[in-house]
């Protein structure tokens, strides 16, 4: 990447999340250390004839930022929660498009390394699996605001589905 491209990526992501940090009263984590992972995608996973859809750009970064903007300061009070939702959005937008295990593992390694380097106190929580987010935990209560949140594990999701199906 050129220096100008890096500046554009940094500027764009900061602008998108700037208002979000104000909502969090400045306590939202700095996502700048996570930007190199986005740059790695472009460098290490270029389009090829068999991977012609590996075209990653600022639109993908804006999709990740849009997912982060679904968060609520009432729920995402700690950096590890925010880093975890960033990881979810990155995997949802970028890694879900990868077509083989080798490429997925490459990105998972880069994500883990970045989180462990820049958020060492929160890495264990942010990197745990499974990674399940949704806004349907309180969907059965139409009067409540639906909140995008970590659904924890498959057992919790199963219980949630059982509750919804019993209505």
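Numbering (full-length UniProt numbering), first residue to last: 1 to 167. The beta carbon of each residue, even a glycine, is placed where N, CA and C say it ideally should be. Since this is a predicted model, take the numbers as computed values, not measurements.
Could you tell me the boundaries of the alpha helix (DSSP H) in which residue i lies?
i: residue 79; result: 79-93
i: residue 36; result: 35-44
i: residue 51; result: Neither: residue 51 is in no alpha helix (DSSP H) and is coded neither H nor E.
i: residue 132; result: No alpha helix (DSSP H) holds residue 132; DSSP gives it neither H nor E.
i: residue 112; result: 101-118
i: residue 74; result: Note, residue 74: premise wrong, no alpha helix (DSSP H); not H, not E.
i: residue 64; result: 58-68
Does the distance from the CB of residue i to the CB of residue j come in under 8 Å?
i: residue 98; j: residue 86; result: no
i: residue 83; j: residue 115; result: yes
i: residue 110; j: residue 37; result: yes
i: residue 147; j: residue 65; result: no
i: residue 160; j: residue 137; result: yes
i: residue 140; j: residue 164; result: yes
Have a look at the DSSP bridge pairing and note the partners of residue i.
i: residue 150; result: 133
* Pairing CB atoms from the segment 120-133 with CB atoms from the segment 145-153, are three or more of them under 8 Å? -> Taking 8 Å as the limit for Cβ pairs, the verdict is that the segment 145-153 does touch the segment 120-133.
* Asked: Are there three or more Cβ pairs, one per stretch, closer than 8 Å when the segment 57-67 is compared with the segment 113-132?
  -> Here the segment 57-67 does not lie against the segment 113-132, with fewer than 3 beta-carbon pairs under 8 Å apart.
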